[in-house]
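Using this note's numbering, read the sequence shown as starting at 55 and increasing by one per residue.
Beta carbons are placed, not taken as given, at the ideal position from N, Cα and C, and that holds for glycine.
What follows is one structure encoded as structure tokens, with my remarks underneath.
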Amino acid sequence: MLRKAGFDVAKASFDVAKASFDVAKAGFDVTKAGFDVTKAGFDVAKASFDVTKASFDVAKASFDVAKASFDVAELSYSSQRRDIAVLDPVRYPNTLGIARKPSCRDAIYRV
Numbered sequence: 055m056l057r058k059a060g061f062d063v064a065k066a067s068f069d070v071a072k073a074s075f076d077v078a079k080a081g082f083d084v085t086k087a088g089f090d091v092t093k094a095g096f097d098v099a100k101a102s103f104d105v106t107k108a109s110f111d112v113a114k115a116s117f118d119v120a121k122a123s124f125d126v127a128e129l130s131y132s133s134q135r136r137d138i139a140v141l142d143p144v145r146y147p148n149t150l151g152i153a154r155k156p157s158c159r160d161a162i163y164r165v
């Protein structure tokens, strides 16, 4: 009878250990699933960052092109204003200070 009681206690202890193992395994599975979700979230965040960086690079390149275009337009306008000032100083007296010196080309235009 004492032996049977010891066997019952051992069996109960084994059942508790098995249940504890099952709970631990379930916890591990939940932790692993959480890690997989976290890793996927990190991958999505990294991809989003890469897209944002690429978008910023495109915007910067677009800005550089716009700035170059503006510089060309400004140069063209200022060149045109200088030519007008040299050719017609009466009509544009305020531009005389920035007008370039007359050249042979100006003589051709005046004719």
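Straight-line Cα distance separating residue j from residue i
i      : j      : result
Val105 : Phe117 : 18 Å
Lys79  : Ser67  : 18 Å
Val165 : Ala127 : Because the pLDDT at Val165 is just 46, under 50, the model does not fix this residue reliably, and the value given afterwards should be weighed accordingly. Those two C-alpha atoms are separated by around 28 Å.
Lys100 : Ser74  : 38 Å
Val119 : Leu129 : 15 Å
Lys86  : Ala71  : 22 Å
Phe82  : Phe103 : 31 Å
Asp69  : Arg57  : 18 Å
Cβ-heavy atom distance, residue i to the ligand GDP, below 6 Å
i      : result
Val112 : Inclusion of the ligand GDP in the displayed structure is not the case, the ligand content being empty and no account of it being possible.
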